[in-house]
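Each remark here refers to the structure printed beneath this line.
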Amino acid sequence: MVGAKSLGCLECKRRKVKCDQRFPKCANCERVGRWCSGPKSHFIRFVRPGAEEHMNTVTVSQYQSLKSPRSTVSERLSADLVRQLRDIDNVGYQLQCFGVFVSFLPARIGHNRALDAAVKCLLQVHSAMIRGKTLTTHTEGLDSYNESIALIRKDLNDKQTQTNAETVCAALILSTYELYKRDHCHSWVTHAGGVAAILQCWGPDRFVSDFEMALFASHYGSTVSTSIIYGKSCFLDAPEWHALRGRCLKTFPGLDKYTMDCLTALARLPNLLQSIRKSKASARRPIWSREQLQLAQEFKAMVSQHALKLHLDFLNPELIWERASTSSYSNQTMLVFAKPRIAFRYNFYWAVTIIANKILLAFGEDDQSLVEEYRDAAEDICRSFEYLQTLRPLGILWLNFAASMAYGVSGEATRQRIVEEMEEALFPIQIEATETVLNMSYNMLTGGIDEIEQIREFDTFYNG
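Everything in the sequence shown is counted per the working numbering, starting at 1 for the first residue and increasing by one.
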């Protein structure tokens with residue numbers, strides 16, 4: 001009598017149930033979410049009575065009847081993500097531009113439906129961007145976006161379980177989608193602000209795994225930005241959150257310490273801006289208090305803590321060098337950076353320096369060097385545009401911040417150049433960089449300090 005040896009997975013053998021021998025996970029184990037050893041072999045072993053076990057010859061017809069293992073939806077999604085992470089050589093189109101959390105995504109696929117839908121949405125939009133399509137005229141990723149939104153709401157409404165890292169990551173990804181969909185910033189602020197609120201509720205002790213810290217590090221800048229937009233204090237301006245930032249820098253050596261320190265300084269800006277707006281509301285020509293001036297000086301000190309090191313590196317021709325500009329917008333030399341992260345570091349530092357100096361001058365600091373410093377910073381931002389064009393579109397989204405600061409302190413000719421350069425740089429993703437947008441960003445980040453200066457100049461001229 002010919003019998004057959006069971007080739008099912010170990011779990012089905014233990015439970016004495018029929019295994020469909022699917023690889024790498026059988027249907028029984030996949031249905032209940034168990035670990036599966038997979039089938040013992042893709043070939044059948046026969047045992048003849050009175051003879052030793054041997055491998056029977058597989059005929060052509062038997063071979064053709066064998067079905068190749070079918071991959072699951074999650075496995076296909078993970079494979080697509082890995083391909084897009086691995087195969088894109090152009091820095092401006094690499095998904096890694098979104099943050100250090102991206103490298104963790106392939107291993108998280110299949111654990112959370114909201115995250116799976118968000119990743120699918122991201123990949124669809126990214127593929128459309130590579131093909132040259134814009135999100136304003138196409139609906140790539142919209143179905144996956146809606147599915148992820150519904151699943152995120154379901155997870156957040158489940159009061160019996162704490163919001164997990166995968167759900168937070170899904171919301172973070174959707175905020176990126178909104179940003180590139182040009183939804184007038186409102187939806188991005190909603191998603192980004194929601195993620196920041198969850199991270200605050202978690203508290204710094206909740207961040208244990210590398211994936212959780214990667215989410216925190218990737219959303220650090222957006223957390224500061226939403227605090228400024230909402231006009232409220234930023235929770236990151238506290239010692240316990242500073243300590244978490246330090247842990248992230250040790251965990252992810254690729255993070256730029258200088259940029260993170262500038263962001264930490266910016267976390268103090270919302271309190272300063274609140275003070276400025278409150279004084280503006282109380283008087284046409286506000287009188288600044290000693291406490292306000294001290295707050296501004298502390299902000300400037302935080303921004304300038306690496307000024308000497310940055311100056312010395314700026315003079316290092318192996319890191320930054322000049323060459324003749326080929327742009328039709330400028331007759332100056334252009335700046336070339338050895339690495340994109342160096343370009344980001346300096347442009348971010350120059351932009352924050354403009355903010356700090358403008359506020360100090362408005363508060364009555366009589367120091368002409370502050371004026372010269374912010375003018376030099378604006379000029380260097382403009383001289384970086386040509387290099388930064390090589391990082392478009394994803395690699396220069398943050399350039400809106402630096403360009404807005406340079407725009408706010410420049411003359412009309414330079415302002416026109418900045419608008420034209422930004423329109424060209426952001427054209428592939430159709431993000432607006434009009435004079436109104438740049439000026440609005442500048443006034444928001446400086447508390448409308450120039451309006452006060454204009455009133456003072458007018459009053460001085462009128463009163464003779």
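We put the CB at the ideal spot given by N, CA and C, even for glycine.
For residue i, does the count of other Cβ atoms within 10 angstroms reach 16, so buried, or fall short, so exposed?
i	result
T353	buried
F458	Reliability of the predicted coordinates at F458 is poor, the pLDDT of 36 falling under 50, and the value obtained from them is presented with this limitation in mind. Exposed, by the Cβ-count rule.
M405	buried
D158	exposed
C436	Position check: residue 436 holds Thr in this sequence, whereas Cys was assumed. Exposed, by the Cβ-count rule.
V102	buried
Y230	exposed
I130	exposed
A196	buried
E318	exposed
R14	exposed
C29	buried
R417	buried
E178	buried
H311	exposed
A338	exposed
E120	Inspection of the sequence shows that residue 120 is occupied by Lys rather than by Glu. By the 10 Å Cβ count, K120 comes out buried.
V82	exposed
I381	buried
Y246	One point to set straight first is that residue 246 is Gly, not Tyr, in the sequence displayed. That one is exposed.
V303	buried
G411	exposed
Can you give me the C-alpha to C-alpha distance between residue i and residue j, rounded to a whole angstrom?
i	j	result
S227	D366	30 angstroms
T259	D20	54 angstroms
H111	S222	26 angstroms
F299	D80	45 angstroms
V189	G33	36 angstroms
S233	L85	36 angstroms
Q305	E420	33 angstroms
L315	L426	30 angstroms
R206	L151	23 angstroms
V336	I396	15 angstroms
R113	S148	8 angstroms
S325	R290	45 angstroms
Q64	R76	The pLDDT assigned to Q64 is 49, lower than 50, so where the model puts this residue is not dependable, and the model offers no usable value.
Y349	C26	54 angstroms
S78	V409	47 angstroms
E53	L10	The predicted position of E53 is uncertain, since its pLDDT is 37 and thus under 50; a value taken from the coordinates is nonetheless stated next. Their backbone Cα atoms lie some 20 angstroms apart in a straight line.
S279	I287	8 angstroms
R375	M444	19 angstroms
A165	D155	11 angstroms
Q274	Q292	10 angstroms
L249	S144	33 angstroms
D256	I355	21 angstroms
N146	G194	17 angstroms
R31	A118	23 angstroms
M213	C201	15 angstroms
Just checking my contact of residue i with residue j at CB under 8 angstroms: how many whole Å lie between their CB atoms?
i	j	result
L244	T264	That belief does not hold up - the Cβ atoms of L244 and T264 are roughly 11 angstroms apart, past 8 angstroms.
L266	A296	Wrong, their Cβ atoms sit about 14 angstroms apart, outside the cutoff.
A403	A433	7 angstroms
T163	F98	Contact doesn't hold; Cβ gap of about 21 angstroms is too wide.
F385	F211	Rounded, the Cβ-Cβ distance is 35 angstroms, inconsistent with contact.
F252	A301	With 8 angstroms as the limit, F252 and A301 do not qualify as a contact, their Cβ atoms being about 26 angstroms apart.
On a CA-only basis, which of the options is nearest residue i? Give me that one, please.
i	options	result
Q94	M440, L438, S441, L391	L391
C36	L81, C12, I173, E423	C12
A170	R108, L399, Y442	R108
L172	L394, Y220, N347, D256	Y220
N90	Y374, H126, I418, T167	H126
H242	R268, D210, P253, H186	R268
C262	N347, T446, Q162	N347
L369	D380, N357, A362, E379	First, the amino acid is wrong: residue 369 is Ser here, not Leu. Minimum Cα distance to S369 is reached at N357.
A238	A214, I229, G203, L215	G203
T72	P24, F104, P106	P24
L123	R113, G141, A114, E421	G141
P39	R15, G8, S441	G8
N400	S441, V336, D376	S441
S327	R383, I355, R247, H191	R383
M422	G194, A377, I342, W398	W398
A343	L361, H191, D313, L174	D313
S74	P106, D87, T176	P106
E322	Y387, W350, Y145	Y387
M465	E379, N439, L249, L360	Outside the modelled stretch of the chain, which goes from 1 to 464, sits residue 465, for which no answer is possible.
G92	L394, G194, Q332	L394
E167	I320, Y407, D116, Q294	Note that residue 167 is Thr in the sequence shown here, rather than Glu. Selected option, being the one with the closest Cα: D116.
E187	R345, L174, A301	Before going on, a small fix: residue 187 reads as Ser here, not Glu. Measuring from the Cα of S187, the nearest candidate turns out to be L174.
Check the DSSP bridge columns for residue i and list the partner residues they point to.
i	result
T333	A324
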